[in-house]
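The structure appears right after this line, and notes come after that.
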Amino acid sequence: MNQNTKNKLLPLTLSFAVILLDQITKCLVVKFIPRLTVFADDAVIEIFGKYLRLIHVRNNAIAFSMGSGLSDGLRGILFALLPLLVIIAVYVIYFRNNEFTKLQRWAVCGILGGGIGNLIDRFFRPEGVVDFVDCYFFGLFGMERWPTFNVADAAVVVFGIIFVITFVFQVKSDRENNKKE
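Residue numbers (our numbering): 1 to 181.
Here's what the structure looks like:
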């Protein structure tokens, strides 16, 4: 196996790790924390008081519950089939592109792991994606609490930020190198 292939395959372990951690945590939440219903404060586990809590909610839409009013068929297409096609396309680009830095490869694989983690829920949990991390948001943007999320969501956001930052610095570096020539 050549070095280029190794550089592309090794970061995939991060995808698998994110998927595994995401699915294990979701299984634990489903098994041990009752689904939250209105006024069911006994189903909330406080980690750091009101600032960080574990709860069990289901989301059959996307971020901030956008799309919850769509029909089941349209939701299935938009929130399961379309993301599946995007994930496949990103994997194809990932393996064909030799321009990604090592850190960008790891970031892309972290994003893909998170995407697949939630996609598994979309296909195998008809009640919706399991969300369980609940954070106090100090009233910023008019929100008392940040929308509840899971490990997959966190991976997509964190690794997405890492990818964008490395991309910006790479573009800046490329511009500086072009000016020197």
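Glycine included, each C-beta is placed from N, C-alpha and C at the ideal position.
Residue i (DSSP reduced to helix, strand or coil)
i	result
Arg182	The first residue shown for the chain is 1 and the last is 181, placing residue 182 beyond what the model contains.
Asn7	helix
Asn59	strand
Leu125	The identity of residue 125 in the sequence shown is Arg, whereas the question assumes Leu. Three-state DSSP puts Arg125 in coil, outside helix and strand.
Ile45	strand
Arg53	strand
C-beta atoms of residue i and residue j nearer than 8 Å
i	j	result
Phe137	Ala80	no
Asp131	Arg53	no
Leu103	Ile162	yes
Lys8	Arg105	yes
Phe159	Ala107	yes
Val18	Val151	yes
Val30	His56	yes
Start-to-end residues for the alpha helix (DSSP H) that takes in residue i
i	result
Val156	151 to 180
Val30	12 to 32
Phe132	It is not in any alpha helix (DSSP H) - Phe132 instead sits in the beta strand (DSSP E) that spans 129 to 135.
Gly73	72 to 76
From the options, residue whose alpha carbon lies closest to that of residue i
i	options	result
Ala154	Gly115, Arg175, Phe141, Arg125	Gly115
Asn182	Ile47, Glu46, Lys26, Tyr91	Nothing can be reported for residue 182, as the shown portion of the chain is limited to 1 through 181.
Ile77	Asp174, Val90, Leu28, Ala61	Ala61
Asp72	Ile47, Asn118, Glu127	Glu127
Ala43	Gly49, Pro83, Pro34	Pro34
Gln170	Phe100, Met143, Thr148	Phe100
Arg145	Ile24, Gly49, Phe95, Phe167	Gly49
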